[in-house]
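Just below is one structure, and these are the notes that go with it.
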Amino acid sequence: YIGDLLPAWKDLGVSRDKFAELTQGRQCLVGADLSKKIDLTADGFVFALDDGRLAVSATGFIPVAGLEKHEKADDVQYREWVADGWVIATEGQVTDYRAIETHIHDCELTHGWVVHEFCYDPYNATHFANELANQGYTCVEIRQGVRTLSEPTKLFRELIAQGRIVHDGSPVLTWCLANAVVEQDHNENIKLSKRNASDTKRIDLLAALINAMVRVQELREASGDISDDILSEEWGM
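Count along the sequence shown starting at 1, add 24, and that's the number in my numbering.
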């Protein structure tokens, strides 16, 4: 279980105000996990800090009409998370992906965040990515196979274990981390998964971050820095 890292993860959280201070005006990679429109979906932001850490934040989105049903099925307090701003409830029966677009714009305006790339799983997200591309965003397709996800997932685990991650204390992201298991093939490649395919213990916010972590790994390699040193500011470019 990646949840074995939960004690270390919880120690790496800071207040939302402190996180905003750490990331103000910085470039970021944005990952997305666009699940079925009736389920939880997510975006995640990854920043390289000057002190060698990665700062990460993720937000969930869920249709308001399904809140009560999902609270019972998933056994979590979605309405409390919505009230606290960790999850955004979208109008109607299905998640309106435009809410994610609005959220990205709001973060740019509020925090001065500069989106370097939007990293997306092509399943469910190609049309949405095309819309962002038309607005001038650089969109990068992230395939979901173990070859693509293994090294970024290992890097994420290592950074937690080394205390080189900082996050904003989201209880939703922590819940996703606790729910995740690691699948490994015969070549020791890994990817994250729910315990069971039908499980309602969701990992969507974590999956969004891992999609962004794929590009962290690739940009490190492109810059010639494949040591344990984190990307410098500006992603080594």
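For glycine and all other residues, C-beta sits at the position ideal for the given N, C-alpha and C.
This structure is a prediction, so every number in the text was calculated from the model and none was measured.
Considering residue i, what are the terminal residues of the beta strand (DSSP E) in which it resides?
| i | result |
| --- | --- |
| proline 146 | No beta strand (DSSP E) holds proline 146; DSSP gives it neither H nor E. |
| glutamate 207 | 204-208 |
| isoleucine 26 | That residue, isoleucine 26, is in no beta strand (DSSP E); it is neither H nor E in DSSP. |
| isoleucine 189 | 189-191 |
| valine 164 | 163-165 |
Hey, quick one: how far does the alpha helix (DSSP H) through residue i stretch, first residue to last?
| i | result |
| --- | --- |
| isoleucine 124 | 122-135 |
| valine 170 | 170-185 |
| leucine 115 | Reading the sequence as shown, one finds glutamate at residue 115 and not leucine. No alpha helix (DSSP H) holds glutamate 115; DSSP gives it neither H nor E. |
| glutamine 241 | 228-246 |
| lysine 34 | 30-35 |
| asparagine 213 | From DSSP, asparagine 213 is part of no alpha helix (DSSP H); its letter is neither H nor E. |
| lysine 225 | Neither: lysine 225 is in no alpha helix (DSSP H) and is coded neither H nor E. |
| arginine 40 | 40-47 |
For residue i, is the classification buried or exposed, using 16 other Cβ atoms within 10 angstroms of its Cβ as the cut-off for buried?
| i | result |
| --- | --- |
| glycine 90 | buried |
| glutamine 241 | buried |
| serine 59 | buried |
| leucine 29 | buried |
| arginine 171 | exposed |
| lysine 215 | buried |
| proline 176 | buried |
| alanine 231 | buried |
| arginine 122 | exposed |
| glutamate 258 | Because the pLDDT of glutamate 258 is 49, which lies under 50, any placement of that residue in the model is unreliable, and the question is left without a value. |
| alanine 246 | exposed |
| threonine 114 | buried |
| serine 39 | exposed |
| proline 31 | exposed |
| aspartate 253 | Its pLDDT being 46, under 50, aspartate 253 is placed unreliably in this model, and the coordinates cannot settle the point. |
| alanine 236 | buried |
| tyrosine 147 | exposed |
| histidine 94 | buried |
| aspartate 75 | exposed |
If contacts are defined as beta-carbon pairs under 8 angstroms, then residue i and residue j qualify, I think. What distance do you get, rounded to the angstrom?
| i | j | result |
| --- | --- | --- |
| lysine 225 | asparagine 203 | 4 angstroms |
| valine 54 | aspartate 67 | 6 angstroms |
| glutamine 48 | glycine 193 | Incorrect: roughly 17 angstroms between the Cβ atoms, too far for contact. |
| valine 190 | arginine 77 | 5 angstroms |
| threonine 119 | threonine 65 | 5 angstroms |
| aspartate 145 | isoleucine 166 | 6 angstroms |
| leucine 201 | tryptophan 33 | 6 angstroms |
Exercise for the section: Report yes or no: do three or more beta-carbon pairs, one from the region 204-213 and one from the region 136-144, lie closer than 8 angstroms? Expected result: no
Exercise for the section: Decide if the region 80-94 is in contact with the region 182-200; the criterion is three or more beta carbon pairs, one per stretch, under 8 angstroms apart. Expected result: yes
Problem - Segments assigned alpha helix (DSSP H), at least 4 residues, entirely inside the region 52-112 - result: 91-98, 102-107
Problem - the region 144-163 / the region 175-192 touching (three or more Cβ pairs under 8 angstroms) - result: no
Handout entry: Meets three-Cβ-pair contact criterion under 8 angstroms: the region 37-54 and the region 68-79
Key = yes
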